[in-house]
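> To start, I am sharing the structure in question, which I have written as structure tokens.
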Amino acid sequence: MQIEIIATQPYNDQNPGTSGLRKKVKVFQQPGYLENFVQAIFDSLEDFTGKTLVLGGDGRYFNRVAIQSIIKIAAANGFGELIIGQGGLLSTPAASHLIRKYEAFGGLVLSASHNPGGPDEDFGIKYNVGNGGPAPEKYSDAFFQRSQVIDSYKTTNIKDVDLDSIGSQQIDELKITIIDPVADYAELMQSIFDFNLLKQSISSGYITLLFDAMSAITGPYAKSILVDILGASPESVINAEPLEDFGGHHPDPNLAHAHELAERMFSVDAPTFGAASDGDGDRNMITGSNIFVTPSDSLAIMAANAHLIPAYSKGISGVARSMPTSQAVDRVAAKYNIPCYETPTGWKFFGNLLDAGKITICGEESFGTGSDHVREKDGLWAILFWLNLIAIKRQSVADIVHEHWQKFGRDIYCRHDYEAIESPVANSIVEHLREQLTTLPGQSFGEYVVSYADEFSYEDPIDGSISKNQGMRVGFENGSRIVFRLSGTGTVGATLRIYIERFEADVTKHDQDAQEALSELIILAEQFCEVKKRTGRTEPDVTT
Ligand code: VG1
Ligand code: CO
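Residue numbers (the working numbering): 737 to 1280.
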């Protein structure tokens, strides 16, 4: 294999966000753009000669083209083996599992997750380290630094690889293995959950289910696990074919975007259980017949019931949640006397805690839950967890949720997103909020008295690294909270996320609509941040 050094100009915008580098496809298609970033990653890593790299993506537009380029760059940089999902496909949690199982040096996952796909939409790339998890900040900072001064990348003259035929081939010092993207992952799921019980519950009709793959990566995984292995009917998996443009939809599992599922779940003949996942398969939305489970509640319910699931029958060591996630899981941790960590948004902050055995289960309000079985959030894992729970408890989703609220109280929660705000306006909102942080504490707004207002900063308890400016919090004496932060995954302008929560202990008030129950806090949030006033908008773009 002949190595070529291609001269290149640096791009100044390759700073990875919350989860890898995400840009419009057109940006990635600029000469050397993808190549520069991949070379910048490899330049920032050490001692990988002869080692293994896992490679795959969510199948969106540009996936195959990018994989062929990356194969050549990885070969020229001296990797010994590339493990690639057939068709260039791997879900994010499956990639994480493969890195761990085959003790790979790391992996590259090509995805912009829940962002839309297609020639005019988004593409993304993220590097995962040897524990299977997203590269911590010190890596992504190094990638960005390197990308700003890079002047060449290495590639080879090898032919394009047939991504569709399973098997290994040797090209000089490089072994390329195309694997079934689903098999190892399906095996892992069988080692965690009670598949026999699930089969019985499905075949007896006790559980009827509907899963929306949103024309994204989880289609093949769901068909294999839910239909072929567990015996659910083929119609129970919808939008199961991964499409390069996700059928023109946002592959984002919430009630707005998974509307087909939402309609069926909120109808008279709804199945007992409904779920959806996102572009790269790491998110999950849980619903039952005529009920939607907020991700924050789902995390708390999973933590409270984990001991009923075979893999967690000895109990869990601790839990963690991202800062804007509701405090519901904190109540579970307090009751069971296990530690609860609060981390910044983004899965990379859970990695150290999982590696150190400090936590077993963790999650985010953004439809992400996971455990120590991999180092990413895991959509189908969460869905199987809930199915296993329903099968063991022999309760409906609604009953499980209500029982949980009775025991722990309800943390009523919502998130409002204002998308694609012009950057100067978004910055003015952030500045305006920042100015109030010192004056808000002690002020009263009706029954709400501000007890603290700050900017969240996190010190990693394992490696001592510090991450500052991770969102602004306004906490009230009654435990309610409003959190503001800018998204780090968007590709157009800035997205402001407003997270609002209030605790309700009174069982007779648990069935309220969240928007109504939080209406006073929603007004206060606008009073503090002035997003409507400053943008001229009247409503959030997405409410979850
Ligand atoms: C969003 C979510 C965050 C999640 C991230 C990646 O980030 O809020 O919780 O970890 O997406 O998820 P941001 O910075 O836009 O708020 V995924 O499924 O898009 O990889
Ligand atoms: Co995702």
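Just so it is clear, CB atoms sit at the ideal spot from N, CA and C, and this is done for glycine as well.
Buried or exposed, going by whether 16 or more other CB atoms sit within 10 Å of the CB of M925?
M925 is buried by the Cβ-count criterion.
> Give, in chain order, every unbroken run of the alpha helix (DSSP H) that is at least 4 residues long and sits entirely within the region 1037-1064.
Correct list: empty.
> CB-CB under 6 angstroms to S1032, same chain, minus the five flanking residues each way: which ones, in chain order?
Once the five neighbours on either side are set aside, the close Cβ partners of S1032 are T1061, S1062, A1064, E1101 and Y1149.
> Heavy atom of the ligand VG1 less than 7 angstroms from the Cβ of D1016, yes or no?
It does: the Cβ of D1016 is within 7 angstroms (strictly closer) of some heavy atom of the ligand VG1.
> In terms of residue numbering, what span does the alpha helix (DSSP H) encompassing L997 cover?
Counting along the chain, the alpha helix (DSSP H) containing L997 begins and ends at H995 to M1001.
> Measuring from the CB of W1122, is there a heavy atom of the ligand VG1 at a distance below 7 angstroms?
Every heavy atom of the ligand VG1 is 7 angstroms or more from the Cβ of W1122, so no.
> Spell out the partners DSSP gives G1024 in its beta bridges.
Bridge partners of G1024: F1009 and I1027.
> Given the structure, does R1019 come close to the ligand CO, in the sense that its CB is under 7 angstroms from one of the ligand's heavy atoms?
At least one heavy atom of the ligand CO is nearer than 7 angstroms to the Cβ of R1019, so yes.
> What do you get for A776, buried or exposed, if any count of 16 or more other CB atoms within 10 angstroms of its CB means buried?
Buried, because 16 or more other Cβ atoms sit within 10 Å of the Cβ of A776.
> Buried or exposed: which applies to H1043, given that a residue is buried once 16 or more other Cβ atoms fall within 10 Å of its Cβ?
Burial call: exposed.
> Using 8 angstroms as the limit for Cβ to Cβ distance, is L934 near chain C?
In the structure shown, chain C does not exist; there is a single protein chain.
> I think D964 touches D1153, with their Cβ atoms under 8 angstroms apart; what is that distance to the nearest whole Å?
37 angstroms between Cβ atoms; not a contact.
> Let me make sure I understand the geometry here. Which of Q738, G792, G768 and D930 has the alpha-carbon closest to that of Q750?
The shortest Cα separation from Q750 among Q738, G792, G768 and D930 belongs to G768.
> So the candidates are I1052, F1103 and T1271; which of them puts its Cα closest to the Cα of V1161?
That would be T1271, whose Cα lies nearest to the Cα of V1161.
> Any heavy atom of the ligand CO within a distance shorter than 7 angstroms of the CB on S849?
Under cutoff, so the answer is yes.
> Got a sec: does the ligand CO put a non-hydrogen atom nearer than 7 angstroms to the Cβ of T828?
Yes, the beta carbon of T828 sits closer than 7 angstroms to at least one heavy atom of the ligand CO.
> Would you kindly work out how many angstroms separate the C-alpha atoms of G1200 and S1058, rounded to a whole number?
Distance between the alpha carbons of G1200 and S1058: 18 angstroms.
> Just to confirm the assignment, what range does the alpha helix (DSSP H) spanning G955 have?
Taken as a continuous stretch (DSSP letters only), the alpha helix (DSSP H) holding G955 covers T954 to A958.
> Give the DSSP-derived three-state secondary structure of T754 in the structure shown.
T754 falls in the coil class under three-state DSSP.
> What does the alpha-carbon distance come out to for the pair P917 and F1239?
Looking at the two C-alpha atoms, the distance is approximately 42 angstroms.
> Whole angstroms is fine: what's the gap from K1071's alpha carbon to H1138's?
One C-alpha to the other measures close to 18 angstroms.
> Bridge partners for L1232 per DSSP, in chain order?
DSSP lists Y1154 and L1222 as partners of L1232.
> By Cβ distance, which residues of its chain are closer than 8 angstroms to Q1251, with the 5 residues on each side in sequence left out?
For Q1251, where only same-chain residues beyond five positions count, the Cβ hits under 8 angstroms are C1150, I1258 and T1279.
> How should T1274 be labelled, buried or exposed, when 16 other C-beta atoms within 10 angstroms of its C-beta is the threshold for buried?
By the 10 Å Cβ count, T1274 comes out exposed.
> Out of E977, A919, D1135 and E923, state which residue places its alpha-carbon closest to the alpha-carbon of F947.
For F947, the nearest C-alpha among the options comes from E977.
> Mark K808 as exposed unless 16 or more other C-beta atoms lie within 10 angstroms of its C-beta, in which case mark it buried.
When all chains shown are included, K808 counts as buried.
> Among the residues of its own chain, which have a CB less than 7 angstroms from the CB of R800, if the five just before and after it don't count?
Once the five neighbours on either side are set aside, the close Cβ partners of R800 are G824 and L899.
> Measuring CB to CB, does H985 end up less than 8 angstroms from S1013?
Their beta carbons are not under 8 angstroms apart, which means H985 does not touch S1013 by this criterion.
> Please classify Q906: is it buried, with 16 or more other beta-carbons within 10 angstroms of its beta-carbon, or exposed?
When all chains shown are included, Q906 counts as exposed.
> How is L945 classed by DSSP in three states: helix, strand or coil?
Note: L945 maps to strand in three-state DSSP.
> Please report the distance separating the alpha-carbon of G1087 from that of E1195.
Roughly 14 angstroms between the two C-alpha positions.
> Could you say if the region 859-870 and the region 827-845 meet the contact criterion of at least three C-beta pairs nearer than 8 angstroms?
Yes, they touch.
> To which residues does DSSP link G786 through a beta bridge?
Bridge partners of G786: none, in fact.
> Work out the CA separation of D1135 and A919 for me, nearest whole Å.
Computed Cα separation, rounded: 34 angstroms.
> Could you have a look at P970 and say whether DSSP puts it in helix, strand or coil?
Residue state, collapsed to three classes: helix.
> Do A1241 and G1145 have their C-beta atoms within less than 8 angstroms of each other?
Going by C-beta atoms, A1241 is nearer than 8 angstroms to G1145.
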